[in-house]
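So the sequence lines, in the order shown, correspond to chains A and B. If you count the first sequence from 1, position 208 lands on 208 in this note's numbering, and the numbers rise without skipping. Add 210 to the 1-based position in the second sequence for this note's numbering, that's all there is to it. C-beta: ideal position from N, C-alpha, C; glycine also. See structure below.
Protein chains: 2
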Amino acid sequence: MPSDQKLEYILKHAAAIFAEKGYDRASVRDISRATGMSLAGLYYYFRSKEELLYLIQKHAFSTVVEALEKELQTLHDPVERLYFLIYNHLRYFLQNMDQLKVCALEVDTLNGYFYEKVAEVRKRYFEVAQGVVQSILLLHQPSERDARLATLQLFGSINWVYMWYNPKKDGGAREMSQSIVHLFLYGLIPAAGEPSRAGQRAGRRYIAKT
Amino acid sequence: MPSDQKLEYILKHAAAIFAEKGYDRASVRDISRATGMSLAGLYYYFRSKEELLYLIQKHAFSTVVEALEKELQTLHDPVERLYFLIYNHLRYFLQNMDQLKVCALEVDTLNGYFYEKVAEVRKRYFEVAQGVVQSILLLHQPSERDARLATLQLFGSINWVYMWYNPKKDGGAREMSQSIVHLFLYGLIPAAGEPSRAGQRAGRRYIAKT
């Protein structure tokens with residue numbers, strides 16, 4: 001297995017163990033057992049349990065934000081950009097729920113250099129997202145505060161999924177993104193003249209438009 | 211200090227310590243130091259660290275859901291009920307952010323009886339909230355799934371606050387509730403004919419209406 005694939009393999013297993021046991025209770029020995037790698041083999045990729053937590057968080061946020069930035073270069077319609085922001089987040093984290101848990105539950109566990117580096121990527125991600133929200137709001141002359149609060153509420157919606165996501169009830173990333181875009185843009189009460197919304201149908205209609 | 215006030219005092223300090231250090235790293239000895247109470251004095255109120263975590267979560271959710279159910283008996287307008295649901299949650303948890311953190315971050319730490327009892331209260335809270343959302347949706351013939359997803363997104367918005375809440379930027383529970391109601395009901399894009407929204411002004415206008 002090439003070295004970067006091996007690192008991904010380690011991060012995936014480590015995230016599963018951190019998500020299940022909690023960071024404090026998990027040991028590098030647990031990760032050795034789960035991956036079938038020796039401790040010496042593991043320490044080639046990281047120097048401490050804290051560095052491993054850092055690598056998981058850094059990898060997750062970087063993957064998501066890099067895919068987002070790349071795609072946004074080719075998307076110009078504000079609503080299409082919003083949809084991609086949500087879809088890109090859910091597409092990744094519904095497949096990597098352990099990483100989402102480790103990012104959300106252990107956000108304050110890192111210290112010093114490791115914390116700062118992850119905070120930089122999180123900040124970059126938030127700013128890109130806020131820009132997407134702002135470009136929709138700009139059509140309606142909002143205050144700056146609107147974009148901040150709305151973006152934070154949106155992140156609440158899409159991060160909280162680790163608490164409740166059930167593929168049988170909630171569908172995949174695409175369906176959920178459509179529902180979330182619709183609620184976020186148009187709210188629970190449809191605008192006068194808008195056809196009444198009924199879950200996915202409305203989402204699909206919106207997607208067909210963009 | 212009467213016994214129930216003393217228990218609240220203990221729970222407040224214990225929540226602060228669990229929120230700061232994480233449940234696993236915190237000890238009953240830390241709580242003894244923070245409260246100025248002896249270990250024997252503390253063990254009059256709970257039998258183990260796990261029971262203490264249980265009491266914090268049970269107390270927080272019960273307080274919130276009981277206040278909600280009581281007030282809903284007197285509120286009949288669906289939008290007014292939604293506003294109160296959000297306001298009631300934020301009013302409590304913005305003042306008790308440590309408890310929110312301990313409820314969100316240590317949700318899976320409890321086991322067996324303790325876990326089940328808290329899960330019952332959380333389920334009751336979710337069902338009341340979903341009923342409130344449903345009563346707004348009913349006007350628009352939605353599928354059952356709409357109410358579930360919308361309610362879960364709403365909880366995401368109002369629980370995620372522990373990650374970002376800043377009183378200077380975001381105002382108090384009342385202002386934030388107004389913003390959140392507005393976004394949840396009407397979305398980011400105002401309906402045709404609706405006056406354009408600009409943060410709190412729109413919120414206040416809506417509150418004046420109800």
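Can residue i and residue j be called in contact, C-beta distance under 8 Å?
i                : j                : result
Gln99 (chain A)  : Ala60 (chain A)  : yes
Leu68 (chain A)  : Leu82 (chain A)  : no
Leu315 (chain B) : Ile368 (chain B) : no
Leu364 (chain B) : Phe324 (chain B) : no
Ser389 (chain B) : Leu149 (chain A) : yes
Tyr54 (chain A)  : Val118 (chain A) : yes
Tyr396 (chain B) : Gly187 (chain A) : yes
If you drop the 5 nearest sequence neighbours on each side, which residues of the same chain put their C-beta closer than 6 Å to that of residue i?
i                : result
Cys103 (chain A) : Gln57, Ala60
Ala226 (chain B) : Asp308
Arg137 (chain A) : Rather than Arg, the amino acid found at residue 137 (chain A) in this sequence is Leu. Here the set comprises Asp146, Ala147.
Pro377 (chain B) : none
Could you compute how far the alpha carbon of residue i sits from the alpha carbon of residue j?
i                : j                : result
Met163 (chain A) : Val371 (chain B) : 15 Å
Pro25 (chain A)  : Glu385 (chain B) : Correcting the residue identity first, residue 25 (chain A) is Arg in this sequence and not Pro. So the alpha carbons of these two residues sit roughly 40 Å apart.
Asn88 (chain A)  : Lys123 (chain A) : 17 Å
Ser32 (chain A)  : Leu11 (chain A)  : 12 Å
Glu218 (chain B) : Met247 (chain B) : 14 Å
Gly366 (chain B) : Leu249 (chain B) : 37 Å
Ala244 (chain B) : Leu349 (chain B) : 52 Å
Met1 (chain A)   : Val128 (chain A) : 34 Å
Leu72 (chain A)  : Glu116 (chain A) : 26 Å
Phe303 (chain B) : Glu50 (chain A)  : 30 Å
Glu70 (chain A)  : Lys280 (chain B) : Note that residue 70 (chain A) is Lys in the sequence shown, not Glu. Cα-Cα distance, rounded: 50 Å.
Ser177 (chain A) : Ser387 (chain B) : 24 Å
With burial defined as no fewer than 16 other Cβ atoms inside 10 Å of the residue's Cβ, what is the status of residue i: buried or exposed?
i                : result
Tyr44 (chain A)  : exposed
Tyr125 (chain A) : buried
His13 (chain A)  : buried
Leu320 (chain B) : buried
Gly216 (chain A) : Here chain A comprises residues numbered 1 to 210, so residue 216 (chain A) is not present and cannot be evaluated.
Ser237 (chain B) : exposed
Thr74 (chain A)  : exposed
Gly382 (chain B) : exposed
Ser258 (chain B) : exposed
Pick out whichever of the options has its Cα sitting closest to the Cα of residue i.
i                : options                      : result
Thr169 (chain A) : B:Glu290, B:Ala357, B:Val275 : Correcting the residue identity first, residue 169 (chain A) is Lys in this sequence and not Thr. Nearest option by C-alpha distance: B:Ala357.
Ser213 (chain B) : B:Gly251, B:Ala226, B:Tyr233 : B:Gly251
Leu262 (chain B) : B:Gln215, B:Asp287, B:Tyr233 : B:Tyr233
Val132 (chain A) : A:His182, A:Tyr92, A:His76   : A:His76
Output needed for residue i: all residues of its chain with C-beta closer than 7 Å, excluding positions within five of it in sequence on either side, in chain order.
i                : result
Lys311 (chain B) : Ala229, Tyr372
Val331 (chain B) : Lys268, Phe271, Ser272, Val275
Gln130 (chain A) : Ala147, Arg148, Thr151
Gln5 (chain A)   : none
Phe256 (chain B) : Leu262, Leu265
Ile399 (chain B) : none
For residue i, which residues from the same chain have a beta carbon less than 8 Å from its beta carbon, with the 5 sequence-adjacent residues on both sides left out?
i                : result
Lys21 (chain A)  : Asp30
Ala192 (chain A) : With a pLDDT of 47 at Ala192 (chain A), under the threshold of 50, the predicted position of this residue should be treated as unreliable, though the coordinate-derived value follows. Nothing listed; no residue qualifies.
Is residue i near the ligand HEM, judged by its Cβ being under 7 Å from some heavy atom?
i                : result
Val328 (chain B) : The model on display carries no ligand, and the ligand HEM is accordingly not part of it.
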